[in-house]
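A.B. asks: Below you'll find the structure I mean.
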Amino acid sequence: MFARTLAGELDIPFVELGPADVTSKWINEGPQRVRQLFAEAEAVGPCVIFLDEAEHLFGGRDVGAGGAHAEDRKITSELLVHLTADDRTAIVVGATNRPEDIDPAILRPGRLATHVEIGLPGESSRDIPVEIEGVPHELIGDQLAQLASNTVGLSGADIEELVTEAKRRVTDTIPESKNYISSSAKLRMAGTESPDDPPSFEEPFSGDDVEQRIYGTILQTREPTTVRAIADQVDCDPKTARKYLGWFANLGIVTRHDGHPTTYERNDAYFEWRRINQLAADHSVEELQDRVRELSMRISEYEETYDAASPAAVDAVAVTESSDERTIDEVYGDLADWATAREERERHERARQQRTGGEREQASG
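Read in order, the letters of the sequence shown correspond to residues 1 to 365 in the UniProt record's numbering.
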């Protein structure tokens, strides 16, 4: 991250090299790869060359002769040649978690002489990026503070993996969340629907009348609006409106406009996510596939009719479909929706098959 940021600040290309890029099972091929990689990197002009896991590239050369160690010494020597070259235009940055394993010759002046220790991020530096299937979820106040305090001792990579795992778990469980009312609840109670089936969402509220009215107002409001304006529209006190809007912000239904604490706007990405999931829930994989095939054929016919190779070329052309007039761009939009829904349905089907297979293995065991 440090080297990539450096390249960005200098506005020059970033090239990353690791042990796998230069090592080889063939004798003398490793040094040749080093020469080739440096030549290709510097051919683009000034750049930052990042050597990851530097301890494997610059290991000590006082190991016994022969075998793989001899090849490692050749690679280290070749890297030294490029580090000390007078005509070098690249900035070379190495990273390691084991500095004690690096050949001291590499760390002398004129080579990798500047050493920077990058410790674990402090509490104020631990940014927690939360996004679930493209739907951002806000973390506010004590929530963010609690997460920051719970990640003491974690590196940036650890936090990234933690967030990835959290997103996976939330995505897997959100159809069963108590904050959502599934229209297929009766089927599930009867045991005829798998928990891995795509959710058939209705509205994400518990039934409170004020909450429903606020949600309905959000659905109809396209522009940013304040807590006070929402409270006036639904005839409730601002404290209640703030409570429900904060809850909706945590769900991703709304976001704070420009970070303002009392101004909200609807999150269109959330409603798009729900719409695609509903489409996947209402159709089988075969139905979705048939619709994708039908739309693809229709687009091919449109493009052939109007002698156009792209939707932009016939953007203004109206095509009659039943009693509706639709532009080819609209049909392209339909195709994208149905294709995404098909992928979502297939993902749920794979999850169901894996779960069923695991249950069978347990039963047979």
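Glycine residues also receive a C-beta, built at the ideal position from the N, C-alpha and C atoms.
These figures come from a predicted structure and were not determined experimentally.
For I214, which residues does DSSP report across the bridge?
C.D. replies: Locating residue 214 in the sequence shown gives position 214, counting from the first residue. Looking at the DSSP assignment, I214 forms no beta bridge with any residue, so it has no partner.
A.B. asks: Since T225 sits in a beta bridge, which residues does DSSP pair it with?
C.D. replies: Here the question's residue 225 lines up with position 225 in the sequence shown. DSSP, once it has assigned bridges, lists Y264 as partnering T225.
A.B. asks: Shortest alpha-carbon distance to T221 belongs to which of N267, F38, E16?
C.D. replies: For the purposes of this step, residue 221 is taken as the residue at position 221 of the sequence shown. For T221, the nearest C-alpha among the options comes from N267.
A.B. asks: So is F2 buried or exposed if we call it buried at 16+ other beta carbons inside 10 Å?
C.D. replies: Within the sequence shown, the letter at position 2 stands for residue 2. Per the 10 Å Cβ criterion, exposed.
A.B. asks: Just reading off the beta strand (DSSP E) that V50 is part of, what are its end residues?
C.D. replies: For the purposes of this step, residue 50 is identified with residue 50 of the sequence shown, where counting begins at 1. Just to set this straight, residue 50 is Phe in the shown sequence, not Val. 47–51 is the extent of the beta strand (DSSP E) around F50.
A.B. asks: Taking the beta carbon of residue 373 as the centre, do at least 16 other beta carbons fall within 10 Å, making it buried, or is it exposed?
C.D. replies: In the structure displayed, the chain extends from 1 to 365; residue 373 sits before or after that span and is not available.
A.B. asks: Take D337 and list the residues in its own chain whose beta-carbon comes closer than 7 Å to its own, dropping the five residues that flank it on each side.
C.D. replies: Here residue 337 refers to the residue found at position 337 of the sequence shown. Correct list, in chain order: I276, L279.
A.B. asks: Run the CB neighbour count on E211, radius 10 Å, all protein chains shown included, and call it buried at 16 or more, exposed below.
C.D. replies: Within the sequence shown, the letter at position 211 stands for residue 211. With 16 or more Cβ atoms within 10 Å of its Cβ, E211 is classed as buried.
A.B. asks: Check whether the Cβ of I106 sits closer than 7 Å to any heavy atom of the ligand GTP, and report yes or no.
C.D. replies: The ligand GTP is not among the ligands present in this structure, which contains no ligands whatsoever.
A.B. asks: Taking the beta strand (DSSP E) that F14 belongs to, which residues open and close that run?
C.D. replies: Position 14 of the sequence shown, counted from the first residue, corresponds to residue 14. That run of the beta strand (DSSP E) goes 14–17.
A.B. asks: E265 to P104, Cα distance in whole Å?
C.D. replies: Against the sequence shown, residue 265 aligns to sequence position 265. Against the sequence shown, residue 104 aligns to sequence position 104. Distance between the alpha carbons of E265 and P104: 57 Å.
A.B. asks: Pull up the distance between the alpha-carbon of P13 and that of L80, whole angstroms please.
C.D. replies: Here residue 13 corresponds to residue number 13 of the sequence shown, with the count starting at 1. Here residue 80 corresponds to residue number 80 of the sequence shown, with the count starting at 1. Spanning the two alpha carbons is a distance of roughly 22 Å.
A.B. asks: Between R213, E286, T5, which lies nearest to D232 when the distance is taken from Cα to Cα?
C.D. replies: Within the sequence shown, the letter at position 232 stands for residue 232. Answer by Cα proximity: R213.
A.B. asks: Can you tell me whether H56 is buried or exposed, with buried defined as 16 or more other CB within 10 angstroms of its CB?
C.D. replies: Numbered from its first residue, the sequence shown carries residue 56 at position 56. It counts as buried.
A.B. asks: Can F38 and H82 be called in contact, C-beta distance under 8 Å?
C.D. replies: The count along the sequence shown starts at 1 and reaches residue 38 at position 38. The count along the sequence shown starts at 1 and reaches residue 82 at position 82. In this structure, H82 lies closer than 8 Å to F38 by Cβ.
A.B. asks: Buried or exposed for A341, please, with buried defined as at least 16 other CB atoms from any protein chain shown within 10 angstroms of its CB.
C.D. replies: Here residue 341 corresponds to residue number 341 of the sequence shown, with the count starting at 1. It counts as buried.
A.B. asks: For R98, name the three-state secondary structure that DSSP assigns.
C.D. replies: Position 98 of the sequence shown, counted from the first residue, corresponds to residue 98. Three-state result, R98: coil.
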